[in-house]
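Colleague:
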Amino acid sequence: MNFLNPQHFPIFAIMLYFLGAFLIVLFGKNRAARNCIAFLATGLALTLMILLVKPIMIDGGIIAYWMGSRVPAGGYAIGIALEVDALGLFFGLLIATAVFVSCLYSFSYMSEDDNEPQYYTLFLMLCGGVMGLVLSGDLFNMFIMVEILTFAAVALTAFRNRVTGALEAAFKYLVVGCIGSTCILAGTIILYQQAHTLNLAQLATIIPLCKGTNVSIAFALLFIGFCTKAFIVPFHPLAADAHGAAPAPVSVLISGVLTKSGIYGIIRLAYFLFQTMNLGTMQFWLVFLGSVSMFVCVTMALAQHDFKRLLAFHSISQIGYVLTAIGLATALGASAGLYHAMNHTLFKGLLFLTAGAVLHETGTTDLGKLGGLSKKMPHTTVLFLIGAASISGIPPFNGFASKWLIYQAAYEKAAETGNIGFAFVTIVALVTSTLTLASFVKVTQSVFFGQLPKECENAKEVSFGMRFAMGILAVLCTVTGLFPNLVQTYLTGPAAKTLFHVTRYINAMLGEGYAESAMGASAPEAATRTIEIVGVWNPVNWLALLMIALLAICIVAIASKYDAVRENKSEKVEAKYSLFYGGEDTVFSQVGGGDLFWGFKHNWRHYFSFMHDLHSGIVNDYSLWAVIALALAMVYALIVL
Amino acid sequence: MFKKLIEESTGKSPWLFHINAGSCNGCDIELVSVLTPRYDAERLGFKLAGSPRHADIVVVTGPITQQSLPRVLRSIEQVPDPKCIVTMGSCPQSGNVFRGSYSVAGPLSKYVHVDVDVAGCTPKPEAVIDGLYLATQILQEKRKGMKK
Amino acid sequence: MITLNYIASFFLIVLGLYCIVMKYNLVKTVIGLSIMDYGVNLLIITIGYNPGGTAPIFTAGELQAASYFVDPIPQALTLTSIVIGACVTAMSLSLVMKLKEMYGTLDTREIRRLRG
Amino acid sequence: MILDALKTLIYVLIFPGFLFCFLTGLLLAGIDRKLVARMQKRVGPPILQPFYDFFKLCGKQTIVPAAANKTVFLVAPLLGLAALVVLQLFIPVFQFQIPAFANVADLIVILYLLLIPAVSIILGGASTGSPYAGIGLSREMVTVLACELPLVLVLLSVGRSVGVAIGAKEGITFSLSTIVRYQLESGSLICKASLIPAAIAFLLVIPGETGNHPFDAAEAETEICEGMLAEYSGAPLGVYKLSHAIKMLTMTSLFVMLFFGGIGTGIGNLVALIGLTGGAAAAVTMLLDVLVLFVLCVIVTAVGISFVHAVTARLKIEQIFKYYWTVVSALALLSLVLVWYGL
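Chains as they are written, first to last, in my numbering: chain A, 1 to 641; chain B, 1001 to 1148; chain C, 2001 to 2116; chain D, 3001 to 3343.
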């Protein structure tokens, strides 16, 4: 067996994580050994994923790997398979990157916690679960991986169980997460009853031939199941709770990795398994849910007063963008959605890590108790600003590049179909972006700028290890923002293309010509959709121009002694340099996050109080939402699909 | 040339910051009336600034009560140079009818250098404009003598 | 006969969901999760069942095209699913214990520090 | 190569970049002040008053408050100014669009580039730690939010309208040069009945976006000491004032290009009539175009900013938000619906 054959890389990547988890249980008592194992497992998995870029992304290959070489016999897929196409690899890359960075960060961040070995075990189990999910070619395996990652995520949420709400959040997540997992299982089994196979490729071939009530119900069940994993509205409160309590690197995994697994599941469902069930009707469902998630979560985020909780709601808001774009079912939409999914992992990871840094230094994430950290933690502030600019869609960072594509995709779709509804989706997306900016202005003001409270006097810059991890993400945020064309050519483009080439996926798994012969006329044509971008945006040129202008202005400014400033030199703050309070002496009067945006909140006060009451924090309510969502999905699936 | 431009401009764009140090409001109203269409001090570039950091000319009205003294001094201190201090009305110059009161700490000239005094109770708007114009001249002189 | 199985599994799932949604006791919520799980397990087993089928145990020589047996895959799936269900119960009960320690109550209406 | 670099440098530094923005922006601000004064029956300041203000501020001390983050405090104004100057490069002057920059940014990008100056002033204000700045930035952000919805609606309507009219494959266009070229060929967009509400909405958005009276709750000097600028003094304050003036130019010229883009055509014909050819004709045309643009900007300023300033009192922040999200958005939405159904 040639281990260097790319064929084996996917299974190695998954195994590395689980093996690492196992080894840490054995040898984890020693700190160096533990860190070494975790680093090697995550680092090697990332390397394997990067090595796969060439054969899969660029050469357009698909790796079909049958466990124990049980290749399909008689047209029936019996064995368990891994199937890695560009889509799977794209998500695999995202996951491996986020996991690697988060692991680097954990080394210094978690060093003061007890039970560290257990942390890394769970951490690697979570990673392995997600990696297994996205590389799997088998529906039941996907379910198993979903369960593994749910367990690991629940346990990690409750890891710091002395933190207020950690247990509570974990329990809520477990209950609703289990409803979701059960839905996936039930959906899987109903599909099995219809198709007598669990292989994704074969399911994709057979399902179109046996349309009916059962298949529609299975779709609804699977869809809701993956929605709980992606925390789409109405499952968003779980994400908010879990993020608030979990340690920062785990938040990175939950938002950057776990939600992606849900999105991946939805894509596989909508584009592969049920591809012939008329994407058009599914569009409304996806786009509607996406837009609602986008808007509801961003408004919820505006009302939060906890740093990490706020970020959690934004996380779902951004997932809403991804879902909307995916739901448009155009080449541009799919590419933009995947691009945004990637960017979301990067910038949200960065933001959670900065939140972790703040928590590490000050012991709180309450926006009302923080302030003025920019003088104490300058590097963290810069990194946070990069992340905030990315998520709020400020050019030239990556959030803008992908959001811009999403606007285009939505509006092009509107123009193409003549449906004004998609125009409103565009408007919601555009306004949501500004609302995102607003809530990050709130965080900036109440955490990093403003006045320094007494309790935070001792804060200092975090260790190099943590800054390094954040720095990687910040650099990636900038680079992917500056070169959208490269990203589109080498990452999102090939991945998006696979969405419209289902037959290729099937044939790679079950042999050439299988799809055509099995499906006959109903085989989806290999859609030759091209990405058409109406607008123009050239970040590098813009940045060059900005730099020229900035440089020129700076030269003029320095020549005219702009930087010859008067500042406080003595120990005591002189009257001249104290803040202006209408003549009064300086007092501590930080304008906290809760005081901001009154003008906006006042106009929306009924909405906000309604939403506040709705998010009651009672697990029964959240389960009820899940049941209602399931019922609605079923009704929709039965009527429309 | 740049320096000359700045010096020229300094006299043409004086922004006022108004401090009420226990005034009876007579002078305050009169100061506002200076900016009304009838007198329109804006044609000379005068503008009321909201913060002492933006101001060139500090206009002080009222007899400088004990309560207001530290606030007045702090606010004046916060004005960036070159700056001009103008007292408006008789109160900050002499204490006017409040002179000798236990609560009056004035006159202002005891504490800071006052550039222009506009006397009267209250001074007429014409007088105020004249005084402020004088202040702009002083401002320009100060700017010439100032090293950045 | 087989219809009854489907009805029973449906009933179990709905009962479980009802228990999760309507009962305010944490332990009852966990019981609800388990019941739901049993319902699904029953569903899986039922789907694999062929009336009159034999156990899917054959030696290589016996297996012919006409062999009629119950589908073995769902049985394997059920085993996995039962194990997972047990894990869910264990995990949630341990969380319930910790919650009781921390909040001093098992009432979900009082365990709601995270809201809004 | 070097020639290209030199050309780019000239574009950025002189026209339509820094120098042009500096002169016309401040001139526009001066005209605005003069107009408001005249409308209030005052003599008003000299038209060059903003220049005096700017140079005076350059000559004053810059005080960095002890509580402030010095780097952000000083860099934020420059960043905002640079972003605005670069933004101006993407707005064509009728048929004169710098070819190198035509493919850099479209309308949607411009919408977001407009946020950068706002963000820079917010950062600068927040860095001082002043509570006035805190309130100010809150209001500034709400104003930006308020303007965003109508602006988005207007831009989408224009994009759709022109996209359909030129028969673009996707049915929309966001390229500003395409929009202007279309107008030069078939008349200004203001003549389209369906876009008149959008034009009015845009006109109403201009003072909000630039933070002019009566939508200047964020910089209310009488209640919150100019909000985010409360702690700024000297040159950085001057840079902010300059940015404000340039933003007026940006918004008005964007309005002119979106809705009056067709007016530039007559000029070219006029030049041909006189008998000029070649480079001289191009130069004269461009000069005239710039003049026409400036005159139009002044008119838009007079109507959209000065007049509104002169006749209204300052609105409260929640009134601003409500106003923009109801009245102005309804107008813009009307336009979008009309455009959508081809009326």
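Where a beta carbon is used, it is the ideal one built from N, C-alpha and C, also for glycine.
This one's a predicted model, so the numbers in the text were calculated from it and none came from an experiment.
Classify residue 1148(B) as helix, strand or coil using the three-state DSSP reduction.
Modeller: One-based indexing of the second sequence puts residue 1148(B) at position 148. For residue 1148(B), the pLDDT reaches just 49, beneath the cut-off of 50, and the residue's location in the model is therefore unreliable, leaving the point undetermined.
Colleague: With 8 Å as the threshold, decide whether the Cβ of residue 1077(B) is near any Cβ in chain A.
Modeller: On the second sequence, position 77 is the one that residue 1077(B) refers to. Chain A, which has a Cβ nearer than 8 Å to the Cβ of residue 1077(B), makes this yes.
Colleague: Using only the alpha-carbon positions, how far apart do residue 3041(D) and residue 1037(B) sit?
Modeller: The count along the fourth sequence starts at 1 and reaches residue 3041(D) at position 41. The count along the second sequence starts at 1 and reaches residue 1037(B) at position 37. When rounded, the distance between both Cα atoms is 6 Å.
Colleague: Just the Cα atoms here: how many angstroms apart are residue 3125(D) and residue 464(A)?
Modeller: One-based indexing of the fourth sequence puts residue 3125(D) at position 125. One-based indexing of the first sequence puts residue 464(A) at position 464. Taking the straight line joining both Cα atoms gives about 30 Å.
Colleague: Against residue 3069(D), what residues of chain A qualify as contacts under a CB-to-CB distance less than 9 Å, listed in chain order?
Modeller: To locate residue 3069(D), count along the fourth sequence from 1; it is residue 69. 372, 374, 375, 378, 381, 448 and 449, listed in chain order.
Colleague: Consult DSSP for residue 204(A) and reduce its assignment to one of helix, strand or coil.
Modeller: By 1-based counting over the first sequence, the position of residue 204(A) is 204. The answer is helix: DSSP assigns residue 204(A) an H, G or I state.
Colleague: Determine whether the Cβ of residue 1045(B) lies closer than 8 Å to any Cβ atom of chain D.
Modeller: Position 45 of the second sequence holds residue 1045(B). Yes, residue 1045(B) lies at the interface with chain D (some Cβ there is under 8 Å from its Cβ).
Colleague: Can you check the segment 1043–1106 of chain B for any alpha helix (DSSP H) of at least 4 residues that lies completely inside it and give the ranges in chain order?
Modeller: 1069–1078 and 1091–1094
Colleague: Against chain D, with Cβ distances strictly below 8 Å, would residue 1013(B) count as a contact?
Modeller: Indexing the second sequence from 1 puts residue 1013(B) at position 13. So, interface residue.
Colleague: Going by CA-CA distance only, name the one from 3200(D), 3049(D), 3258(D) and 3143(D) that's closest to residue 3183(D).
Modeller: For this step, residue 3183(D) is matched to residue 183 along the fourth sequence. If we check each option's Cα against that of residue 3183(D), 3258(D) comes out closest.
Colleague: Identify each residue in the segment 234–249 of chain A for which the Cβ-Cβ distance to at least one residue of chain C is less than 9 Å, and report them in chain order.
Modeller: 237, 240, 241, 244 and 245
Colleague: How about residue 3026(D) and residue 3050(D): are their beta carbons less than 8 Å apart?
Modeller: Here the question's residue 3026(D) lines up with position 26 in the fourth sequence. Here the question's residue 3050(D) lines up with position 50 in the fourth sequence. It is a contact, given that the beta carbons lie within the stated cut-off.
Colleague: I'd like to check one pair, residue 311(A) with residue 243(A): are the Cβ atoms closer than 8 Å?
Modeller: Translated into positions along the first sequence, residue 243(A) becomes position 243. Translated into positions along the first sequence, residue 311(A) becomes position 311. Yes, Cβ-Cβ distance for residue 243(A) and residue 311(A) is below 8 Å.
Colleague: Can you list, in chain order, the residues of its chain with a C-beta nearer than 6 Å to that of residue 3128(D)? Leave out the 5 residues immediately preceding and following it.
Modeller: By one-based count along the fourth sequence, residue 3128(D) stands at place 128. Cβ within range, chain order: 3065, 3068 and 3231.
Colleague: Do you know offhand how far residue 631(A)'s Cα is from residue 225(A)'s?
Modeller: Counting from one through the first sequence, the residue named residue 631(A) turns up at place 631. Counting from one through the first sequence, the residue named residue 225(A) turns up at place 225. Approximately 12 Å between the Cα atoms of the pair.
Colleague: Which residues, taken in chain order from the segment 1019–1044 of chain B, show a beta carbon closer than 7 Å to some beta carbon of chain D?
Modeller: 1037, 1040, 1042 and 1043
Colleague: Compare the C-beta of residue 445(A) against all C-beta atoms of chain D and say whether one is closer than 8 Å.
Modeller: Numbered from its first residue, the first sequence carries residue 445(A) at position 445. True, the Cβ-Cβ gap to chain D drops below 8 Å.
Colleague: Name the residues in the segment 3051–3064 of chain D whose C-beta lies less than 9 Å from a C-beta of chain B; which are they?
Modeller: 3051, 3052, 3053, 3054, 3055, 3056, 3057, 3058, 3059, 3060, 3061, 3062 and 3063
Colleague: Please report how far the alpha carbon of residue 3094(D) lies from the alpha carbon of residue 133(A), in whole angstroms.
Modeller: For this step, residue 3094(D) is matched to residue 94 along the fourth sequence. For this step, residue 133(A) is matched to residue 133 along the first sequence. If I take the Cα positions, the gap works out to 55 Å.
Colleague: Residue 1072(B) touches chain A at which residues, Cβ-Cβ below 9 Å?
Modeller: Taking the second sequence and counting its residues from 1, one reaches residue 1072(B) at position 72. By Cβ distance, chain A contributes 583.
Colleague: So what does DSSP say about residue 604(A), is it helix, strand or coil?
Modeller: Locating residue 604(A) in the first sequence gives position 604, where the first residue counts as 1. Three-state DSSP puts residue 604(A) in coil, outside helix and strand.
Colleague: Going along the chain, which residues of the segment 606–619 of chain A sit with their C-beta nearer than 7 Å to a C-beta in chain C?
Modeller: 612, 615, 616, 617, 618 and 619
Colleague: Any idea which residues DSSP pairs residue 73(A) with across the strands?
Modeller: Residue numbering aside, residue 73(A) sits at position 73 when the first sequence is read from its first letter. Its beta-bridge partners are 76(A).
Colleague: Cutting at 6 Å between CB atoms, please list the residues of its own chain near residue 221(A), excluding the five before and the five after it.
Modeller: Position 221 of the first sequence, counting from 1, holds the residue named residue 221(A). 183, 186 and 187.
Colleague: Identify the continuous beta strand (DSSP E) that holds residue 1162(B) and give its terminal residues.
Modeller: No information on residue 1162(B) is available, as it lies outside the stretch 1001 to 1148 that chain B covers here.
Colleague: Evaluate contact between the segment 253–273 of chain A and the segment 399–416 of chain A, counting only Cβ atoms and requiring at least three cross-stretch pairs below 8 Å.
Modeller: no
Colleague: By how many angstroms is the C-alpha of residue 3292(D) removed from the C-alpha of residue 3281(D)?
Modeller: The count along the fourth sequence starts at 1 and reaches residue 3281(D) at position 281. The count along the fourth sequence starts at 1 and reaches residue 3292(D) at position 292. Going by the C-alpha atoms only, they are around 16 Å apart.
Colleague: Along the segment 1123–1139 of chain B, what residues have a CB closer than 7 Å to any CB found in chain D?
Modeller: none
Colleague: Tell me the rounded alpha-carbon separation between residue 3099(D) and residue 589(A).
Modeller: Translated into the one-based positions of the fourth sequence, residue 3099(D) becomes position 99. Translated into the one-based positions of the first sequence, residue 589(A) becomes position 589. Approximately 51 Å between the Cα atoms of the pair.
Colleague: Residues in the segment 2016–2048 of chain C with C-beta within 8 Å of chain A's C-beta atoms, listed in sequence order?
Modeller: If you check each beta-carbon in the segment 2016–2048 of chain C against every beta-carbon of chain A, the ones closer than 8 Å belong to 2017, 2020, 2021, 2022, 2023, 2024, 2026, 2029, 2033, 2036, 2037, 2040, 2043, 2044 and 2047.
Colleague: At a Cβ cut of 9 Å, what residues of the segment 546–564 of chain A count as close to chain D, listed as they run along the chain?
Modeller: Of all residues in the segment 546–564 of chain A, the ones placed with a Cβ closer than 9 Å to any Cβ belonging to chain D are 546, 547, 548, 549, 550, 551, 552, 553, 554, 556, 557, 560, 561, 562, 563 and 564, in chain order.
Colleague: Thinking C-alpha only, which one of 399(A), 330(A) and 388(A) is nearest residue 354(A)?
Modeller: For this step, residue 354(A) is matched to residue 354 along the first sequence. Cα-wise, what sits closest to residue 354(A) is 388(A).
Colleague: Could you check whether the segment 2033–2047 of chain C touches the segment 199–206 of chain A, counting it as contact only if at least three pairs of C-beta atoms, one from each stretch, sit closer than 8 Å?
Modeller: Proximity of the segment 2033–2047 of chain C to the segment 199–206 of chain A falls short of the contact definition, fewer than three beta-carbon pairs being nearer than 8 Å.
Colleague: What residues from the segment 145–171 of chain A come within 8 Å of chain C, judged by C-beta to C-beta, listed N to C?
Modeller: Residues passing the 8 Å Cβ filter: 147, 151, 154, 155, 158, 161, 164, 165, 167, 168, 169, 170 and 171.
Colleague: For residue 2041(C), report the span of its alpha helix (DSSP H) as first-last.
Modeller: Residue mapping note: residue 2041(C) aligns to position 41 of the third sequence, counting from 1. Where residue 2041(C) is concerned, the enclosing alpha helix (DSSP H) stretches over 2026–2048.
Colleague: Could you spell out the range, first to last residue, of the alpha helix (DSSP H) harbouring residue 407(A)?
Modeller: Working through the first sequence from its first residue, we reach residue 407(A) at position 407. Here the alpha helix (DSSP H) through residue 407(A) covers 398–417.
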